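Just so you know, we're using our numbering here: the sequence shown kicks off at 38 and counts up by one.
What follows is a single structure, written as structure tokens, with notes after it.
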Amino acid sequence: MIPDYPVSPMLDANALSQLTQLKQNIRADKNLATGTIRGSQGRFGFVTLDDGRDIFLPPDEMARVLPGDRVEVALGDSGESNGEGENRKLQAELDKLLDSPQKVVVGQYLIRGKGHFVAVDMPQLNRWIFLPPKARSNAKEGDYLLCRITRHPFEDGKGQAKVTEVLGSPGEAGIEHKVTCRKYQLKGEWSKEQLQQVKEIQARSLQQLPDYAGRAQLQQLPFVTIDSATTMDMDDALCVERRGDGWQLTVAIADPSSTIAPGTALDKVALKRANTAYLPGRAISMLPQELSHNTYSLVPGEERPALVCHMQVESDGRISDTRFEFGLIRSHHKLSYLGVADWLQNDNTDAVPAECQPMLRELAECSHALNRYRAEHLLLMEERDDYYLQLDDKWHISAIRRDQRNLAQQIVEEAMLATNRCAGDLLAQHPGHGLFSGHGGFRPERLESIKAILQQELPQLAELDLATLDGYRQLIRQLQQNADTAGLLAAFRLMLQASELTTEALPHMGLGMDYYATVTSPIRRYNDLHNHRALRAILEQSSGEALNAEQLGTLQQGASSARQASRDLEQWLHCLFLQQQPAATWAGRVSRVTSQGVSVVLTDWGINGFVKLDPKAYQFDQDRMTLSSDEGGFVLNQEVQVTLERVDLDKKRINFALVVTEG
């Protein structure tokens with residue numbers, strides 16, 4: 038950083054001008070850039086520049102910043118490369134701290150000699166922060182703490198923090214959940230203003246809805262909900278009838294937009310939470326349960342306001358006509374996934390009410406047609422097992438149940454995908470209204486290497502324009518249809534961009550769809566609630582209210598925090614669970630390949646761990662994601678046998694060791 042030297046009062050205007058020009062010249066000689074700090078598993082870090090490049094930040098510089106800091110840096114040549122695809126030829130030197138959003142941290146109290154610290158629980162931050170004597174709040178060593186950063190380490194690498202809350206100690210029931218919720222600022226409480234709005238909504242009758250008279254009267258349609266048996270926030274219901282060679286598929290969706298206006302107390306908190314956060318054993322709902330489980334939920338026998346999507350599905354699965362409207366519906370039955378699957382797959386007539394059985398047969402046939410159409414014209418998603426964590430009275434894992442998706446879940450999934458695709462198409466025709474789930478396909482920096490691989494192994498596909506939806510769809514469909522290319526498909530999937538919420542009508546390449554805008558879970562997702570309002574504006578030919586950039590950023594941050602919290606807590610509980618297991622050999626599959634080893638997911642439990650290998654013994658192909666040697670090697674999805682080597686609770690890491698089988 039260029040120091041601001043004190044200026045003598047004797048300097049005249051000319052001298053001041055020369056000094057100012059000197060400072061400007063010094064800065065101009067530097068190759069300056071701005072970016073965001075990203076940590077690593079080591080003491081070094083990176084600066085992700087605003088142009089997308091990742092620049093190496095050496096340990097002594099990384100000690101002065103926190104992950105997420107916005108900085109200005111000077112770029113220089115380090116003369117080395119780390120061999121892992123990161124750009125270490127360019128090296129960053131910190132010049133100015135622009136912003137530090139990390140004001141609060143969660144961690145564990147440590148005492149080392151006379152020093153008292155908080156070991157921050159933050160990915161990619163390998164550092165302790167000093168706690169001065171008056172900032173320790175009577176905490177004990179080992180306690181989990183919520184702390185406020187009182188001195189940023191930028192000037193000399195010596196940050197300080199103050200304890201604002203003692204969260205508890207290791208071994209306390211539910212401490213892992215409490216720490217995770219504080220870390221990601223997930224709150225389950227409601228303010229007085231929000232609860233007052235709940236009371237006002239509950240006191241309002243259907244007849245008091247502003248658009249009550251204009252809503253379609255659809256109470257006689259035989260809607261049913263299909264969810265898990267324990268689900269209370271039922272936000273979609275289905276019915277279908279045969280129309281010629283095809284079907285009229287109707288999806289009714291709970292309508293909280295009927296009584297929650299933009300800018301109200303409940304709307305603001307829903308925007309900040311972004312969605313219901315599903316943690317092991319607990320859900321932190323986007324809306325108060327009095328509303329999500331009752332007032333808005335499509336409970337059987339109760340009249341409810343709904344957004345309704347009517348789709349004409351042809352025998353080949355093509356949707357030939359779509360119509361959205363707001364109506365009043367009544368769910369006739371609450372069905373479970375297990376019951377519907379038992380009836381359809383095992384002919385158990387006791388599993389569902391007799392009056393539902395003919396319609397469920399039609400739903401299954403309609404769903405099959407929709408799925409077949411997606412396979413031929415769009416893209417099918419990779420099938421993955423679900424894992425259910427059963428918790429004990431300490432909120433630790435007592436057992437893990439592996440569930441494979443059944444026919445009933447596939448039926449609901451096809452109906453939801455179709456509805457959201459139709460919503461995306463309609464919103465795309467009216468720019469400036471909706472929120473789209475966009476997916477740009479492959480990361481741009483990977484396109485060249487993918488092209489090179491295709492030229493070597495599948496030259497007939499090498500000329501496809503993979504930056505376009507059509508080219509991407511053609512490639513993925515070809516790879517999905519050929520068992521010999523399963524390895525390439527798995528590697529290419531690890532080169533994809535993340536999906537994003539956007540106000541721009543962009544394609545969703547991962548689904549192979551021109552547009553995709555979710556509307557089917559407005560009780561649980563704010564973007565769905567917003568899209569209900571957008572569809573209302575379109576149907577009523579009014580202007581509506583688009584989200585501004587700040588609101589979109591708040592929504593994206595809330596959704597990201599909920600996802601990270603769920604992953605973080607699951608990994609913590611997985612570590613504790615494996616520590617209690619007797620020595621055993623487990624089956625798994627390779628989920629990721631690096632130059633240092635392979636990640637393995639246990640088949641029966643879905644737990645992920647790392648197998649460290651000798652990098653000198655294998656040749657790493659970072660494009661095909663393989664490790665090879667004269668004796669063999671590793672590829673994605675390869676089945677392996679492993680045992681537990683080590684659990685690092687501090688870093689929440691699991692290490693496996695390979696079990697080598699004879700022959």
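Note that beta-carbon positions come from the ideal geometry of N, C-alpha and C, so glycine has one too.
These numbers were taken from a predicted model, which means no experiment stands behind them.
Spatial neighbours of residue i within its chain, please: CB distance less than 6 Å, with the 5 preceding and 5 following residues excluded, ordered by chain position.
| i | result |
| --- | --- |
| arginine 185 | Val141, Lys199, Thr201 |
| arginine 367 | Gln256, Glu340 |
| proline 325 | Trp227, Val235 |
| tyrosine 99 | It is worth fixing the name first, because residue 99 is methionine in this sequence and not tyrosine. Cβ within range, chain order: Phe81, Gly82. |
Give me, in chain order, the residues of the same chain whose beta-carbon lies closer than 7 Å to that of residue i; leave out the 5 immediate sequence neighbours on both sides.
| i | result |
| --- | --- |
| asparagine 457 | Tyr553, Ala554, Thr555, Val556, Thr557 |
| arginine 600 | none |
| leucine 615 | Ile644, Leu681, Val684, Ile691 |
| valine 350 | Gly283, Trp284, Leu286, Ile356, Cys403, Ala406, Leu407 |
| glycine 9 | One cannot answer for residue 9 here, as it falls past the ends of the chain, which runs 38 to 700. |
| tyrosine 221 | Ser598, Gln601, Ala602 |
| arginine 483 | Met532 |
| tyrosine 315 | Ser603 |
| histidine 370 | Val261, Pro337, Pro390, Cys393 |
According to DSSP, simplified to helix, strand and coil, what is residue i?
| i | result |
| --- | --- |
| glycine 205 | strand |
| tyrosine 424 | strand |
| threonine 522 | helix |
| tyrosine 306 | Correcting the residue identity first, residue 306 is valine in this sequence and not tyrosine. Valine 306: helix per DSSP, three-state reduction. |
| threonine 296 | coil |
| phenylalanine 154 | strand |
| proline 43 | Confidence is the limiting factor: at proline 43 the pLDDT is only 41, short of 50, which leaves the residue's position unreliable, though a coordinate-based value still follows. Reduced to three states, the DSSP call for proline 43 is coil. |
| isoleucine 560 | coil |
| leucine 182 | strand |
| alanine 694 | strand |
| glutamate 226 | coil |
| glycine 318 | coil |
| leucine 328 | helix |
| threonine 539 | strand |
| valine 102 | coil |
| glutamine 675 | coil |
| threonine 217 | helix |
| glycine 120 | For glycine 120, the predicted structure reports a pLDDT of 44, less than 50, and the residue's modelled location is therefore unreliable. A value from the coordinates is still provided. Glycine 120: coil per DSSP, three-state reduction. |
| arginine 279 | strand |
| lysine 689 | coil |
| glutamine 616 | helix |
| glutamine 161 | coil |
| isoleucine 644 | coil |
Determine which residues share a DSSP beta bridge with residue i and list them.
| i | result |
| --- | --- |
| lysine 649 | Gly634 |
| methionine 550 | His545 |
| arginine 661 | None; arginine 661 has no bridge partner. |
| lysine 199 | Arg185 |
| lysine 133 | Glu109 |
| glutamate 669 | It should be pointed out that residue 669 corresponds to glycine in this sequence rather than to glutamate. Beta-bridge pairing links glycine 669 to Ser666. |
| phenylalanine 93 | Phe83, Gln128 |
| valine 262 | The sequence shown places threonine at residue 262, not valine. DSSP output for threonine 262 lists Lys371 as bridge partner(s). |
| tyrosine 146 | Val155 |
Only counting the same chain, and skipping five residues up and downstream in sequence, which positions put a Cβ closer than 8 Å to that of residue i?
| i | result |
| --- | --- |
| methionine 38 | Any reading at methionine 38 must be qualified, since the residue scores a pLDDT of 37, below 50, and its modelled position is unreliable; the value itself is stated next. Same-chain partners within the cutoff: Leu131, Asp132, Lys133. |
| valine 697 | none |
| leucine 531 | Arg629, Met662, Leu673 |
| lysine 195 | Phe167, Arg188 |
| phenylalanine 657 | Val630, Thr631, Ser632, Thr663, Leu664 |
| alanine 320 | Thr313, Ala314 |
With distances taken from CA atoms, which of the options is nearest residue i?
| i | options | result |
| --- | --- | --- |
| arginine 573 | Leu303, Lys649, Pro293 | Pro293 |
| aspartate 651 | Tyr146, Ala210, Arg514, Ser666 | Ser666 |
| arginine 188 | Ser206, Ala176, Leu168, Val377 | Leu168 |
| aspartate 88 | Asp97, Thr73, Arg629, Gly152 | Thr73 |
| proline 259 | Leu335, Thr591, Gln517 | Leu335 |
| glutamate 668 | Ala654, Gln678, Val679 | Ala654 |
| isoleucine 197 | Glu413, Ile166, Leu162 | It is glutamine, not isoleucine, that sits at residue 197 in the sequence shown. Cα-wise, what sits closest to glutamine 197 is Ile166. |
| aspartate 687 | Met323, Tyr249, Asp605 | Asp605 |
| histidine 567 | His545, Gln517, Ser295, Arg438 | Ser295 |
| glycine 581 | Arg570, Thr591, Glu587 | Arg570 |
| glutamine 234 | Trp380, Thr301, Pro138 | Thr301 |
| valine 635 | Ala620, Asp272, Val677, His611 | Val677 |
| leucine 344 | Glu362, Ser579, Arg219, Phe81 | Glu362 |
| asparagine 443 | Gln427, Trp380, Pro496 | Trp380 |
| asparagine 312 | Ile575, Glu587, Pro559, Ala694 | Pro559 |
| glutamate 327 | Gln254, Gln239, Pro342 | Gln239 |
Unbroken stretches of the beta strand (DSSP E), 3 residues or longer, contained in the segment 439-479: 473-475
3-residue-minimum beta strand (DSSP E) runs that sit fully inside the segment 332-384, ordered along the chain: 340-350, 356-367, 370-373
Secondary structure, alpha helix (DSSP H): runs of 4+ residues fully inside the segment 558-611: 563-577
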